[in-house]
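Here is the structure we will look at, set down as structure tokens.
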Amino acid sequence: MPRRLFITLEGGEGAGKSTNLIFVRQWLQREGCDVVVTREPGGTEIGERVRDILLHTKQLHITPESEMLLMFAARFEHINKVIRPALAAGKLVLCDRFTDATYAYQGGGRGLPADRIAAVEDWVQGDLRPDLTLLFDIPVEAGRERAGQRSEPDRFERENNEFFQRIRATYLARAAREPKRIHVIDASRPLEQVEQQIVSVLQEAVHGR
Ligand code: T5A
Numbered sequence: 001m002p003r004r005l006f007i008t009l010e011g012g013e014g015a016g017k018s019t020n021l022i023f024v025r026q027w028l029q030r031e032g033c034d035v036v037v038t039r040e041p042g043g044t045e046i047g048e049r050v051r052d053i054l055l056h057t058k059q060l061h062i063t064p065e066s067e068m069l070l071m072f073a074a075r076f077e078h079i080n081k082v083i084r085p086a087l088a089a090g091k092l093v094l095c096d097r098f099t100d101a102t103y104a105y106q107g108g109g110r111g112l113p114a115d116r117i118a119a120v121e122d123w124v125q126g127d128l129r130p131d132l133t134l135l136f137d138i139p140v141e142a143g144r145e146r147a148g149q150r151s152e153p154d155r156f157e158r159e160n161n162e163f164f165q166r167i168r169a170t171y172l173a174r175a176a177r178e179p180k181r182i183h184v185i186d187a188s189r190p191l192e193q194v195e196q197q198i199v200s201v202l203q204e205a206v207h208g209r
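First residue of the sequence shown? That's 1 in my numbering, and the numbers climb one at a time after it.
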């Protein structure tokens, strides 16, 4: 039987999280899971307002520390109002980005020490960690090219390639340290092949095979 699980999707810009989130949700629902789909930053009214500050404030300079704390402020709301209640009700939570993104973007990208992020993570989350993370990995240039075909770039998307190289390296290093939880999906492949990789990871997580 499907179990209640906390699943997160991660990756750099344009890696295909939003595209594959729909596929993942539909696959899980077909398997009988009661799925709650949410995202970070966001997922609550306050979280969505914080998202707006973080993504769409062009003129205002935000220090890396404030950026990290705003992510966690939104996350505190999200965990207590959405994620924990859903898990307690036996649902499966599927979240577009979570704390791995803070390590990758504010840690790798902005240069904040990982132990400082870990201290806030422990305080905000207690023992809550994702059960499973799909890391959509694609070379930076290819991801940015995909993402660039869409709307006006947000505050993060205006950063340079080196910033996104550090993010990718941080994500991959985390996956190497936690291979049981973080599964790297080669997102540079055609969509059908990406979906095949996702299914094989989900089969194992949901059915243990
Ligand atoms: N952030 C977030 C932090 O800095 N710290 C944190 O703690 C958190 C939680 C949030 C931003 O906030 C930052 C990270 C982010 O910069 P977001 O809403 O997650 O932003 O959005 P983005 O990361 O910007 O996500 P994108 O929408 O850019 O990327 P996706 O969702 O990975 O890409 P997607 O699915 O939109 O695909 C991009 C394009 O590629 C095509 C799609 O059709 C689409 O056009 N595509 C493919 N084409 C060919 N082959 C494939 N396999 C394809 N897959 C997708």
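Where is the CB? At the ideal position from N, CA and C, for every residue including glycine.
Distance cut-off 8 Å: V140 Cβ against heavy atoms of the ligand T5A = no
ask   = In chain order, what residues of the same chain have a beta carbon less than 7 Å from the beta carbon of L142, not counting five sequence neighbours either side?
value = In the sequence as presented, Leu is not what sits at residue 142; that position holds Ala. For A142, where only same-chain residues beyond five positions count, the Cβ hits under 7 Å are S188.
request  = Can you tell me the Cβ-Cβ gap for Y171 and D100, rounded? I've got them flagged as a contact below 8 Å.
outcome  = 7 Å
request  = Output the residue ranges of the alpha helix (DSSP H) runs that lie fully inside the stretch 102-183 and measure 4 residues or longer, sorted by chain position.
outcome  = 114-125, 140-148, 161-177
task = Please look up how many angstroms separate the CB atoms of L28 and V35, rounded, as I've assumed it's under 8 Å.
result = 5 Å
request  = Could you please give the first and the last residue of the uninterrupted beta strand (DSSP E) stretch that includes R84?
outcome  = Where R84 is concerned, there is no enclosing beta strand (DSSP E), although the alpha helix (DSSP H) it sits in stretches over 84-88.
key: For V50 and P41, believed in contact at Cβ under 8 Å, the rounded distance   = 6 Å
message = Can you determine whether any heavy atom of the ligand T5A sits closer than 8 Å to the C-beta of L60, and answer yes or no?
response = no
key: alpha helix (DSSP H) segment containing I46, residue limits   = 45-56
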